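I have placed the structure first, in the form of structure tokens, so that the comments after it can refer back to it.
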Amino acid sequence: MAQQGFSTSEDQWITLKDGTRLATRIWMPDGASDKPVPTVLEYLPYRKRGGTDPRDESTYPVFAAAGIAGVRVDIRGSGESEGVIDGEYTPRELSDACEILEWIAAQPWSNGNVGMMGISWGGFNCLQVAALKPPQLKAVISIASTVDRYNDDIHYKNGTHLSAQLSWAGTMLAYQSRMPDIDLVGDKWKDMWLERLEGQPFFMEEWLAHQRRDDFWKHGSICEDFDGFPVPALVIAGWADGYRNTPLKAVEGLGDKGKAINGPWVHKYPHFAWPKPRMDFHAEAIAWWKRWLDDEANGAEDLPQMRAYILDGPRPALRRDRDPGYWVAKQAWEAPQTDTLTVAADGTLNATGASEGTGDIYLRSPLDTGISGGEWFTLKPDAEIAGDQRIDDGGSLVFETAPLADESVYLGAPELSVDVTCDGDWENLAVRVIDVHPDGTETRACYGVLNLAHRDGNETPANMPQGEKTRITMRLDAMGYRFAPGHRIKLALSTSYWPIILPSPQAPGLTIDTASIRLSMPLLGQHERIAVEEPENPDPLPQYEMRLPEETRRSVERDLVTGLTHYRIYEDAGLEVHPENGLRTQEIRNEDWSIDPNDPLSMKGDIDWKIRLERDGWSVSTKTTTTMHCTAEDWTITASVTAFEGDREIFTKTFEKRIPRDFM
Numbered sequence: 001m002a003q004q005g006f007s008t009s010e011d012q013w014i015t016l017k018d019g020t021r022l023a024t025r026i027w028m029p030d031g032a033s034d035k036p037v038p039t040v041l042e043y044l045p046y047r048k049r050g051g052t053d054p055r056d057e058s059t060y061p062v063f064a065a066a067g068i069a070g071v072r073v074d075i076r077g078s079g080e081s082e083g084v085i086d087g088e089y090t091p092r093e094l095s096d097a098c099e100i101l102e103w104i105a106a107q108p109w110s111n112g113n114v115g116m117m118g119i120s121w122g123g124f125n126c127l128q129v130a131a132l133k134p135p136q137l138k139a140v141i142s143i144a145s146t147v148d149r150y151n152d153d154i155h156y157k158n159g160t161h162l163s164a165q166l167s168w169a170g171t172m173l174a175y176q177s178r179m180p181d182i183d184l185v186g187d188k189w190k191d192m193w194l195e196r197l198e199g200q201p202f203f204m205e206e207w208l209a210h211q212r213r214d215d216f217w218k219h220g221s222i223c224e225d226f227d228g229f230p231v232p233a234l235v236i237a238g239w240a241d242g243y244r245n246t247p248l249k250a251v252e253g254l255g256d257k258g259k260a261i262n263g264p265w266v267h268k269y270p271h272f273a274w275p276k277p278r279m280d281f282h283a284e285a286i287a288w289w290k291r292w293l294d295d296e297a298n299g300a301e302d303l304p305q306m307r308a309y310i311l312d313g314p315r316p317a318l319r320r321d322r323d324p325g326y327w328v329a330k331q332a333w334e335a336p337q338t339d340t341l342t343v344a345a346d347g348t349l350n351a352t353g354a355s356e357g358t359g360d361i362y363l364r365s366p367l368d369t370g371i372s373g374g375e376w377f378t379l380k381p382d383a384e385i386a387g388d389q390r391i392d393d394g395g396s397l398v399f400e401t402a403p404l405a406d407e408s409v410y411l412g413a414p415e416l417s418v419d420v421t422c423d424g425d426w427e428n429l430a431v432r433v434i435d436v437h438p439d440g441t442e443t444r445a446c447y448g449v450l451n452l453a454h455r456d457g458n459e460t461p462a463n464m465p466q467g468e469k470t471r472i473t474m475r476l477d478a479m480g481y482r483f484a485p486g487h488r489i490k491l492a493l494s495t496s497y498w499p500i501i502l503p504s505p506q507a508p509g510l511t512i513d514t515a516s517i518r519l520s521m522p523l524l525g526q527h528e529r530i531a532v533e534e535p536e537n538p539d540p541l542p543q544y545e546m547r548l549p550e551e552t553r554r555s556v557e558r559d560l561v562t563g564l565t566h567y568r569i570y571e572d573a574g575l576e577v578h579p580e581n582g583l584r585t586q587e588i589r590n591e592d593w594s595i596d597p598n599d600p601l602s603m604k605g606d607i608d609w610k611i612r613l614e615r616d617g618w619s620v621s622t623k624t625t626t627t628m629h630c631t632a633e634d635w636t637i638t639a640s641v642t643a644f645e646g647d648r649e650i651f652t653k654t655f656e657k658r659i660p661r662d663f664m
């Protein structure tokens with residue numbers, strides 16, 4: 001398929017040393033055979049056909065028109081690539097990536113210089129591959145990723161168990177059960193599909209076997225050796241996404257090799273993300289690649305180390321299309337100066353008064369406290385983003401300032417220290433920093449969670465000393481936020497934040513010494529106001545025909561007879577038809593999280609997926625189920641995969657495992 005300035009092909013395969021063939025889609029600039037060009041690799045398990053097509057087609061043609069080849073590769077066992085995936089960011093996955101880099105650099109159209117790019121999985125593995133120092137890899141752009149696989153991914157957060165871990169395990173079970181497209185692999189599609197169905201692991205079994213930060217999580221965490229990281233890295237994330245911390249941690253660790261951008265966005269590429277304002281990611285990325293892959297003297301190395309969008313009091317809404325605020329730059333990131341807020345004798349939060357507090361207060365939050373927290377993993381600017389925080393204040397211990405006389409502007413990660421007493425082995429603590437608008441509406445500016453068994457680190461959790469006052473210090477998530485005059489700053493503490501985190505087995509509550517509370521807020525400090533260009537195209541994603549419409553539902557239900565609270569998610573992506581290759585795809589996800597507000601062992605998560613691919617005369621589908629519940633001692637996880645050719649069941653497999661709780 002030829003287009004002006006470049007061509008696109010899916011007929012080249014990369015054969016690895018073990019004989020496995022990986023499927024590619026390549027965007028090639030015209031004239032590359034006469035003058036070799038730089039290349040950008042994106043390497044994912046999400047299917048280049050019937051998966052990431054829209055976002056790929058929004059970006060790689062732009063790169064190719066600028067003289068940069070794009071190579072999109074399906075990880076083994078996904079899409080049309082042969083073999084079976086063996087896990088998440090495994091040594092084999094990264095080794096395969098190094099072979100792909102060798103293959104690209106050896107092509108006659110390549111100038112030998114390759115960059116890697118991606119969001120989420122691709123953002124992770126581009127950093128991890130770079131840390132292996134393959135000589136062909138010269139720079140990376142990592143979006144919505146992490147430098148610490150244990151503490152800033154979808155599994156665990158400061159020792160708390162994220163419900164998103166089960167959700168993601170269900171997602172990956174469904175994704176990896178998808179079949180190759182008969183149009184690309186021909187008659188062997190069924191044998192390839194049955195091989196991956198039989199061999200695919202249930203990722204949750206491995207993740208849940210590592211509930212503390214051990215060597216499993218250190219593998220692939222570039223924070224283990226920031227000094228040895230070899231290439232320039234542009235690291236991007238959104239304040240509305242669970243991966244918001246990574247740009248700050250990257251520049252703290254990488255120094256001059258790291259450049260950070262934090263926008264207002266959910267988990268999407270910045271040129272089509274919500275809430276707006278968006279960023280002209282194409283121009284940003286092309287300049288980055290031209291500098292490091294083509295030796296163009298364009299000053300990319302002199303970019304500010306930190307660029308961030310300062311949120312200026314966005315209000316909770318059913319949909320946040322555009323957040324108020326402004327862009328700032330800090331040429332060199334330094335540890336910020338702080339405001340320290342304490343609790344006065346009258347219960348107010350203040351920066352100047354004595355920290356007398358209101359005495360020791362016992363707090364045991366209802367276990368469904370947190371239903372207005374949104375979701376850890378956000379893809380849309382609707383109910384996935386945190387809502388009005390007043391809903392959760394009733395189960396929390398709260399303190400707030402008087403209306404502010406002057407603005408307070410912060411950029412960085414707040415820190416809370418407090419003395420607590422626990423009469424159980426451990427407990428969770430959730431902390432929210434809230435913007436209270438003049439009319440009482442509350443916006444969550446940032447939050448943090450901590451499993452108190454992990455108070456001294458995530459490698460060696462230990463029981464709390466029962467009945468003894470213990471000093472706790474916790475780093476909250478990063479924030480960029482302006483509290484306007486007339487607004488108030490509220491601090492909310494709770495021992496539950498469900499369903500974002502799962503409860504401890506005893507849920508004993510905590511006694512809080514309010515006089516000990518210290519909330520250190522990172523001041524914006526010296527900065528420059530900057531303009532960040534938005535993309536010219538307000539709708540850069542290609543539009544495909546929809547044979548069936550999309551549907552989204554989210555609800556919270558409290559059953560007054562059984563006492564259970566349900567948090568329900570339903571996502572139907574609709575039946576979509578690719579305009580060129582004709583593949584029709586549909587994905588439906590259904591989640592139900594339930595809990596009795598008084599019983600931590602009542603927690604349960606149920607996740608079902610249905611996926612189908614079809615062409616005229618060819619229809620295949622899978623149904624997957626994933627469930628988790630618990631006792632005081634164990635987690636129990638079960639899953640199943642059932643595959644259909646037409647209406648005929650051709651494969652079924654089940655997983656079941658009981659795994660001891662490890663201080664969690």
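The opening position of the sequence shown corresponds to residue 1 in UniProt numbering, with each subsequent residue numbered one higher.
From the three backbone atoms N, C-alpha and C, an ideal C-beta is built for every residue, glycine too.
Values in this document were obtained by computation on a predicted structure and should not be read as measured data.
Three-state secondary structure assigned by DSSP to Cys-98:
helix
Would you call residue 696 buried or exposed, if buried means 16 or more other Cβ atoms sit within 10 Å of its Cβ?
The first residue shown for the chain is 1 and the last is 664, placing residue 696 beyond what the model contains.
What is the DSSP secondary structure of Asn-151, reduced to helix, strand or coil?
coil
Pull up the DSSP beta-bridge partners for Ala-639, would you.
Thr-626, Phe-655
Using DSSP's beta-bridge definition, name the partner residues of Pro-29.
Phe-6
Candidates Ile-517, Thr-378, Glu-557, Val-147: which alpha carbon is nearest Ile-500's?
Thr-378
Based on DSSP bridge pairs, tell me the residues matched to Cys-126.
DSSP output for Cys-126 lists no bridge partner at all.
Bridge partners for Ala-492 per DSSP, in chain order?
Val-398, Arg-432
Does the beta-carbon distance from Gly-448 to Leu-411 come in below 8 Å?
no
How would you call Ile-434, buried or exposed, if buried means at least 16 neighbouring beta carbons within 10 angstroms?
buried
Return the chain-ordered list of same chain residues with a C-beta closer than 8 Å to the C-beta of Thr-460, the five sequence neighbours on each side being excluded.
Arg-212
Just to confirm the assignment, what range does the beta strand (DSSP E) spanning residue 675 have?
Missing from the structure shown is residue 675; the chain here goes from 1 to 664 and no further.
Taking a contact to mean a Cβ-Cβ separation below 8 Å, would you say Met-279 touches Gly-263 in this structure?
yes
Using 8 Å for Cβ pairs, my map puts Thr-401 next to Arg-315. What's the rounded Cβ distance?
Actually they do not touch by this definition, with Cβ atoms about 19 Å apart.
Other residues of its chain near Met-1: CB distance less than 8 Å, five sequence neighbours each side excluded
Any reading at Met-1 must be qualified, since the residue scores a pLDDT of 44, below 50, and its modelled position is unreliable; the value itself is stated next. Excluding residues within five positions, the ones whose Cβ falls inside 8 Å are Ser-7, Thr-8, Ser-9, Glu-580.
Residue-level contact to chain D via CB, Asp-423, 8 Å cutoff
Of the chains in the structure shown, none is chain D; there is only one protein chain.
Boundaries (first-last residue) of the beta strand (DSSP E) holding Trp-168:
Taken as a continuous stretch (DSSP letters only), Trp-168 belongs to no beta strand (DSSP E), being part of the alpha helix (DSSP H) at 163 to 176.
When Asp-592, Pro-201, His-629, Arg-612 are compared against Met-603, the one with the closest alpha-carbon:
His-629
Selection from Thr-624, Glu-633, Arg-661, Asp-647 that minimises the alpha carbon distance to Leu-197
Thr-624
For the ligand HEM, I want to know if Val-343 counts as a neighbour, meaning its beta carbon is within less than 7 Å of at least one of the ligand's heavy atoms.
What this structure holds is no ligand at all, so the ligand HEM is not there to describe.
Residues bridged to His-566 by DSSP?
Glu-557, Ser-594
Mind the definition here: the region 127 to 135 touches the region 68 to 79 only if three or more C-beta pairs lie below 8 Å; say whether that holds.
no
Residues near Glu-82 in its chain [Cβ-Cβ closer than 6 Å; skip 5 each side]
Thr-20, Arg-21
How would you call Ser-621, buried or exposed, if buried means at least 16 neighbouring beta carbons within 10 angstroms?
buried
Residue range of the alpha helix (DSSP H) that Lys-290 falls in?
281 to 294
Gly-123: buried (16+ other C-beta within 10 angstroms of its C-beta) or exposed?
buried
Residues bridged to Ala-69 [DSSP beta-bridge criterion]
Thr-39
Cβ neighbour criterion (16 or more within 10 Å) applied to Ser-33:
exposed
CA nearest to the CA of Glu-224, picked from Gly-646, Ala-69, Asp-214
Asp-214
Report the rounded CA-to-CA distance for Asn-458 versus Gly-159, giving the unit in angstroms.
6 Å
Take Arg-322 as the anchor and find which of Ala-344, Pro-381, Glu-195 has the nearest alpha-carbon.
Pro-381
Are there 16 or more other CB atoms within 10 angstroms of the CB of Glu-301, so buried, or fewer, so exposed?
exposed
Return the CA-CA distance between Tyr-243 and Ala-484, expressed in angstroms with no decimal places.
26 Å
Taking the CB atoms as reference points, tell me whether Gly-67 and Trp-27 lie closer together than 8 Å.
no
Here's the rule I'm using: 16 or more other beta-carbon atoms within 10 Å means buried, otherwise exposed. How should Lys-48 be labelled?
buried
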